[in-house]
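Colleague: Under this note's numbering, the letters of the sequence shown match residues 796 to 1034, in that order.
Just so it is clear, CB atoms sit at the ideal spot from N, CA and C, and this is done for glycine as well.
As the structure is a prediction and not an experimental result, all values here were calculated from the model.
I am attaching a structure below and will ask some questions about it afterwards.
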Amino acid sequence: MFQWDSRKYYIADMIHQANPDIIGFQEARADANGKRNQLKQLQTLLPEYKYHVFHSTRTVDKNKFGKNAIKGWEQEGLGILSKYSIVMSHHIPLSKAGESDESPRVLLHIQIEYEHHEIFFMVVHFSTNKKLQCQNAMRLINFVSSTGADRTVIVGDFNTYSDYEWPVAAVLNGFFLPNGCPKPVGFEPVGAEQGYGFDDSWPMTNLDKKGGLTFSNMVSLSRFRYLVTFHINGIMEDK
């Protein structure tokens, strides 16, 4: 929330220049009753994004420095801005009660109609805990395979570590490699034979892999944010 009243104009300008059709947000803020949120404020600056969804995942009592949360921005969650009408939206838990995570992990899922096709768009925010990331990935794969959607885009903050990319690899492939995450209990692998498989959009559209790294001031460079698209007899274009 640092300098939000100033930063929102820069964010809106970047969005305007990139001109995406749909945008996913993590750690978006809202007031205590959910009536005011950051996405609504961006909409006033970006009127072409007529549709939005926000889902609160937790109440922020203290910030990471131990100070009280800023009044009027007590809720934190996931959000989506879209140029296209949102036919439906819902959220799916990616973490279970009792798991030692600082924040409940959720998948926010919408459906839009685009050129007479159903498009499914999902935004996630995985745990920073490596083992819990594996659980998040398993529940995401289970949900995607159960929907049977063949036009799906997943975006989000996967909190991927450069030495532990197994959870994202599992999301891309539909199964866990034997030398990666602990063997998940009650998980049925899926793959191309079941019509499952995602492409990582960054290396498909950019030659500089390191350019996709975020938080480069860390000791170990990590790829936190991903955009992956389902195989659709070709490549879905980024706009």
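Using only CA atoms, which one of Glu960, Val980, Gly951 and Pro998 lies nearest to glycine 819?
Modeller: Along the sequence shown, one-based indexing puts residue 819 at 24. Selected option, being the one with the closest Cα: Gly951.
Colleague: Would you report the Cα separation of isoleucine 914 and tyrosine 879, rounded to the nearest angstrom?
Modeller: Translated into positions along the sequence shown, residue 914 becomes position 119. Translated into positions along the sequence shown, residue 879 becomes position 84. C-alpha separation (whole angstroms): 10 Å.
Colleague: Among the residues of its own chain, which have a CB less than 7 Å from the CB of threonine 854, if the five just before and after it don't count?
Modeller: One-based indexing of the sequence shown puts residue 854 at position 59. Same-chain partners within the cutoff: Glu869 and Gln870.
Colleague: Opposite methionine 917 in the DSSP bridges: which residues?
Modeller: Working through the sequence shown from its first residue, we reach residue 917 at position 122. DSSP, once it has assigned bridges, lists His904 and Ile949 as partnering methionine 917.
Colleague: Would the region 936-946 count as touching the region 895-915 if we require 3 or more Cβ pairs under 8 Å?
Modeller: yes
Colleague: Could you give the DSSP three-state label for arginine 967: helix, strand or coil?
Modeller: Mapped onto the sequence shown, residue 967 falls at position 172. The sequence shown places leucine at residue 967, not arginine. Helix.
Colleague: Measure the beta-carbon distance from arginine 900 to histidine 920 and round it to whole angstroms, keeping in mind my assumption that it falls under 8 Å.
Modeller: Here residue 900 refers to the residue found at position 105 when the sequence shown is read from its first residue. Here residue 920 refers to the residue found at position 125 when the sequence shown is read from its first residue. About 6 Å; that satisfies the 8 Å criterion.
Colleague: Since I believe glutamine 836 is in contact with leucine 1037 (beta carbons under 8 Å), could you give me their beta-carbon distance rounded to a whole number of angstroms?
Modeller: Nothing in the structure corresponds to residue 1037, since the chain is present only between 796 and 1034.
Colleague: From the DSSP output, which residues share a beta bridge with arginine 824?
Modeller: Taking the first residue of the sequence shown as 1, we reach residue 824 at position 29. According to DSSP, which records beta bridges pairwise, arginine 824 is partnered with Glu871.
Colleague: Just checking my contact of phenylalanine 1036 with alanine 823 at CB under 8 Å: how many whole Å lie between their CB atoms?
Modeller: Residue 1036 is absent from the model: the chain starts at 796 and stops at 1034.
Colleague: To the nearest angstrom, how far is the alpha carbon of methionine 1013 from that of valine 963?
Modeller: Position 218 of the sequence shown, counted from the first residue, corresponds to residue 1013. Position 168 of the sequence shown, counted from the first residue, corresponds to residue 963. The predicted model places methionine 1013 with a pLDDT of 47, which falls under 50 and marks its position as unreliable, so this point remains unresolved.
Colleague: According to the Cβ coordinates, are glycine 981 and alanine 965 closer than 9 Å?
Modeller: Residue mapping note: residue 981 aligns to position 186 of the sequence shown, counting from 1. Residue mapping note: residue 965 aligns to position 170 of the sequence shown, counting from 1. Against a cut-off of 9 Å, the Cβ pair of alanine 965 and glycine 981 comes out as no contact.
Colleague: Taking a contact to mean a Cβ-Cβ separation below 9 Å, would you say tyrosine 844 touches leucine 876 in this structure?
Modeller: The residue given as residue 844 occupies position 49 in the sequence shown. The residue given as residue 876 occupies position 81 in the sequence shown. Cβ atoms of tyrosine 844 and leucine 876: closer than 9 Å.
Colleague: Rounded C-beta distance between proline 977 and cysteine 929? I'm assuming under 8 Å.
Modeller: Against the sequence shown, residue 977 aligns to sequence position 182. Against the sequence shown, residue 929 aligns to sequence position 134. Confirmed, about 6 Å.
Colleague: Using the Cβ count rule (16 or more neighbours within 10 Å means buried), how would you classify serine 1011?
Modeller: Walking along the sequence shown from the start, residue 1011 turns up at place 216. Below a pLDDT of 50, predicted positions are generally treated as unreliable, and serine 1011, at 44, falls in that range; the measurement from the model is reported next regardless. It counts as exposed.
Colleague: Determine the direct distance from the alpha carbon of phenylalanine 970 to that of valine 939, and round the result to whole angstroms.
Modeller: Residue mapping note: residue 939 aligns to position 144 of the sequence shown, counting from 1. Residue mapping note: residue 970 aligns to position 175 of the sequence shown, counting from 1. Between valine 939 and phenylalanine 970, the C-alpha separation is close to 13 Å.
Colleague: Can you tell me which of the three DSSP states serine 940 falls into?
Modeller: Translated into positions along the sequence shown, residue 940 becomes position 145. Serine 940: helix per DSSP, three-state reduction.
Colleague: Taking the alpha carbon of threonine 852 as the point to measure from, which residue in Leu927, Ala932 and Leu903 has its own alpha carbon closest?
Modeller: Working through the sequence shown from its first residue, we reach residue 852 at position 57. Out of Leu927, Ala932 and Leu903, Leu903 has the C-alpha closest to the C-alpha of threonine 852.
Colleague: Kindly indicate the opening and closing residues of the beta strand (DSSP E) around histidine 847.
Modeller: By one-based count along the sequence shown, residue 847 stands at place 52. Residues 846-854.
Colleague: Determine the burial state of histidine 811: buried for a count of at least 16 other Cβ atoms within 10 Å of its Cβ, exposed for fewer.
Modeller: Counting from 1 along the sequence shown, the entry for residue 811 is found at position 16. Burial state of histidine 811 is exposed, judged by a 10 Å Cβ sphere holding fewer than 16 other Cβ atoms.
Colleague: Since methionine 809 sits in a beta bridge, which residues does DSSP pair it with?
Modeller: Counting from 1 along the sequence shown, the entry for residue 809 is found at position 14. Answer is none; methionine 809 lacks a bridge partner.
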